[in-house]
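Structure record follows, encoded as structure tokens.
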Amino acid sequence: MQSYYISSARELARMVGIRKAPVLHHFSETVSGAATIRCFNQGEKFLTKSLALIDDYTRITFHNSATVEWLCIRINFLFNLVFFVMLVILVSLPRDTIDPSLAGLAATYGLNLNVLQAWVIWNLCNVENKMISVERIFQFSNIPSESPLVIENSRPRETWPWCGTIQIEALQIQYSPDMPMVLKGISCTFPGERKIGVVGRTGSGKSTLIQALFRVVEPSAGRIFIDGVDISLLGVHDLRCRLSIIPQEPTLFQGTVRTNLDPLQQHLDTEIWEVLRKCRLEEIVREDNRLLDAPVVEDGGNWSVGQRQLVCLARVLLMKKKILVLDEATASVDTATDNIIQKTIRQETDNCTVITIAHRIPTVIDSDLVLVLEEGRILEFDSPENLLRDESSAFSKLVMEFVGRSEGRHQPEPM
Numbered sequence: 113m114q115s116y117y118i119s120s121a122r123e124l125a126r127m128v129g130i131r132k133a134p135v136l137h138h139f140s141e142t143v144s145g146a147a148t149i150r151c152f153n154q155g156e157k158f159l160t161k162s163l164a165l166i167d168d169y170t171r172i173t174f175h176n177s178a179t180v181e182w183l184c185i186r187i188n189f190l191f192n193l194v195f196f197v198m199l200v201i202l203v204s205l206p207r208d209t210i211d212p213s214l215a216g217l218a219a220t221y222g223l224n225l226n227v228l229q230a231w232v233i234w235n236l237c238n239v240e241n242k243m244i245s246v247e248r249i250f251q252f253s254n255i256p257s258e259s260p261l262v263i264e265n266s267r268p269r270e271t272w273p274w275c276g277t278i279q280i281e282a283l284q285i286q287y288s289p290d291m292p293m294v295l296k297g298i299s300c301t302f303p304g305e306r307k308i309g310v311v312g313r314t315g316s317g318k319s320t321l322i323q324a325l326f327r328v329v330e331p332s333a334g335r336i337f338i339d340g341v342d343i344s345l346l347g348v349h350d351l352r353c354r355l356s357i358i359p360q361e362p363t364l365f366q367g368t369v370r371t372n373l374d375p376l377q378q379h380l381d382t383e384i385w386e387v388l389r390k391c392r393l394e395e396i397v398r399e400d401n402r403l404l405d406a407p408v409v410e411d412g413g414n415w416s417v418g419q420r421q422l423v424c425l426a427r428v429l430l431m432k433k434k435i436l437v438l439d440e441a442t443a444s445v446d447t448a449t450d451n452i453i454q455k456t457i458r459q460e461t462d463n464c465t466v467i468t469i470a471h472r473i474p475t476v477i478d479s480d481l482v483l484v485l486e487e488g489r490i491l492e493f494d495s496p497e498n499l500l501r502d503e504s505s506a507f508s509k510l511v512m513e514f515v516g517r518s519e520g521r522h523q524p525e526p527m
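Take the position in the sequence shown, starting the count at 1, then add 112; the result is the number in this note's numbering.
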């Protein structure tokens, strides 16, 4: 009975944890986006989804509680049966076999022994069931650690990278051994101090390529060289501190404008004001009398999305790294902010290698080279002019699809 209960209870406990996570995740997302939900009058939709998730969680929780009651009922029935048999035996014994007072004492202690033994068996079952948590701890403790931050005998020079040339050789990436390859042996070279656009449909491997460049994921095979240095031989800190990135979701930290732009306090105020001017943020910062010491709330809640992205751009310009990555940096901003970002990047990154991942074709149309990915393989890698001359090229088809969608959005509705 114990083994039968444990096999079911263990799986139910695992399912309770699986069903509980979406409830908490949906609740936190709803609370953080409550203003947006009310703005678009989507409260009923989110309430319906929340109730559905709670129903799924409650259903599994009910079955989990039912298994506990199933065990308790059978344990109580079993010990009551044993106690009843013991009483029958005591009553059936001849008078001279056992003292009646001892028989009464045995029956009294038998009642308490029933409860005690039920408690022991219940806790034995519960302990074995809770071992799932220990299994998870061992599972997490066996996850491979990230590479060392610094490898003393393999540190790059202070001036590295000096040109920004990126060479990729037969790169293969998969997120786990039991999953398919995301990048399937791609090989190409990004020339230094050039602007490279990376395009492709969703799932083509664009973001995975950038993760491999920053060593967020390690290659299953192949290598990446930056100015002739194999990045797999470097510490991740030495690598990442030489690169800069503007992500799709801008990140600001609680503090001040100064600490968000120059967290390590390595630059003068004049340099900070210069990058703010280039990013069209100077007037916005000067509106607050505290200037660079103006507060920034957690996640930059007192700044708009476009302004937060411009702050990230200013931070990157202040760092002056040789390689800049834009991971769909303008996907969530308006057209005006997109134009400011693109113009600033064109003017201020002449001596940098700029890798731009974008869904908006105009974002990469003025790049020196365009890399087209599909299902983890390179379809095309050439200048946009050469690719557009061939109407059958994958890049030309992406441009035509983008133009068609744009015309469809701006087409007036029939009267």
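From the three backbone atoms N, C-alpha and C, an ideal C-beta is built for every residue, glycine too.
Here the structure is a predicted model, which is why all the values come from computation and not from measurement.
**Asked** Does DSSP put M127 in a helix, a strand or coil?
**Response** helix
**Message:** Assess contact between the region 463-470 and the region 429-447, defined as three or more Cβ pairs (one per stretch) separated by less than 8 angstroms. Is contact present?
**Reply:** yes
**Asked** Counting pairs of beta carbons, one from the region 386-404 and one from the region 336-347, are three or more of them closer than 8 angstroms?
**Response** no
**Message:** Please tell me whether C424 has its Cβ less than 9 angstroms away from any Cβ of chain B.
**Reply:** In the structure shown, chain B cannot be found, because there is only a single protein chain.
**Request:** Would you mind stating whether P273 and V328 have Cβ atoms separated by less than 9 angstroms?
**Result:** no
**Item:** Residues near G222 in its chain [Cβ-Cβ closer than 7 angstroms; skip 5 each side]
**Value:** F195, M198
**Prompt:** How many Å lie between F507 and E492 at the Cα?
**Reply:** 8 angstroms
**Item:** Residues near E440 by beta carbon distance below 7 angstroms, same chain, minus five either side
**Value:** Q360, I469, A470, H471
**8 angstroms contact criterion, which Q284 and G334 should meet: CB distance rounded** = 5 angstroms
**Request:** Measure from the alpha carbon of C391 to the alpha carbon of each residue in L190, T179, R427, then state which is nearest.
**Result:** R427
**Item:** Counted within 10 angstroms of its Cβ, other Cβ atoms place K242 as buried (16 or more) or exposed
**Value:** exposed
**Message:** Quick check: the region 307-317 against the region 473-486, are at least 3 beta-carbon pairs closer than 8 angstroms?
**Reply:** yes
**Prompt:** Which value, in whole angstroms, describes the spacing of the CA atoms of C300 and I338?
**Reply:** 12 angstroms
**Message:** Could you check whether L295 and G488 sit closer than 9 angstroms to each other, using their CB atoms as the reference points?
**Reply:** yes
**Prompt:** Counting pairs of Cβ atoms below 8 angstroms between the region 410-424 and the region 361-369, do you hit three or more?
**Reply:** yes
**Request:** Please name the residue or residues paired with S356 in a DSSP beta bridge.
**Result:** L436
**Request:** Compare the Cα-Cα distances from S266 to each of M293, L351, I201, E330 and report the closest residue.
**Result:** L351
**Prompt:** Going by DSSP, which residues form a beta bridge with R335?
**Reply:** E281
**Message:** For a quick check, are the C-beta atoms of G418 and D446 less than 9 angstroms apart?
**Reply:** yes
**Request:** Sort Y117, T314, P289, G304 by Cα distance to G276 and report the nearest one.
**Result:** G304
**Asked** If you draw a straight line from the C-alpha of D411 to the C-alpha of V262, how long is it?
**Response** 29 angstroms
**Item:** Which residues DSSP lists as bridging L404, in chain order
**Value:** DSSP lists no partner for L404.
**Request:** Check S266 in the structure and name its three-state DSSP category.
**Result:** helix
**Request:** Give me the Cα-Cα distance between I118 and F174, rounded to the nearest whole angstrom.
**Result:** 17 angstroms
**Asked** Just the Cα atoms here: how many angstroms apart are S162 and T142?
**Response** 9 angstroms
**Prompt:** Exposed or buried, what is V227 when buried is set at 16 or more other beta-carbons lying within 10 Å of its beta-carbon?
**Reply:** exposed
**Message:** Just to confirm before moving on: does the CB-CB distance between A178 and L202 stay below 9 angstroms?
**Reply:** no
**Prompt:** Can you name, in chain order, every residue of its own chain whose Cβ lies under 7 angstroms from the Cβ of G312, other than the five neighbours on each side?
**Reply:** K318, V484, L485, E486
**Request:** May I ask you to report which of helix, strand or coil DSSP gives S120?
**Result:** helix
**Continuous beta strand (DSSP E) stretch holding T447: start and end** = No beta strand (DSSP E) holds T447; the alpha helix (DSSP H) holding it covers 447-460.
**Rounded separation between E181 and L236 - CA only** = 16 angstroms
**Item:** Span of the beta strand (DSSP E), counted from its first residue to its last, around F493
**Value:** 489-494
**Message:** Please state the DSSP three-state secondary structure of F302.
**Reply:** strand
**Message:** With H, G and I counted as helix, E and B as strand and the rest as coil, what does DSSP make of I249?
**Reply:** helix
**Asked** Tell me which same chain residues have a C-beta within less than 8 angstroms of the C-beta of E525, skipping the five on either side of it?
**Response** Note that E525 scores 47 on pLDDT, short of 50, meaning its location in the model is unreliable and no value can be drawn from it.
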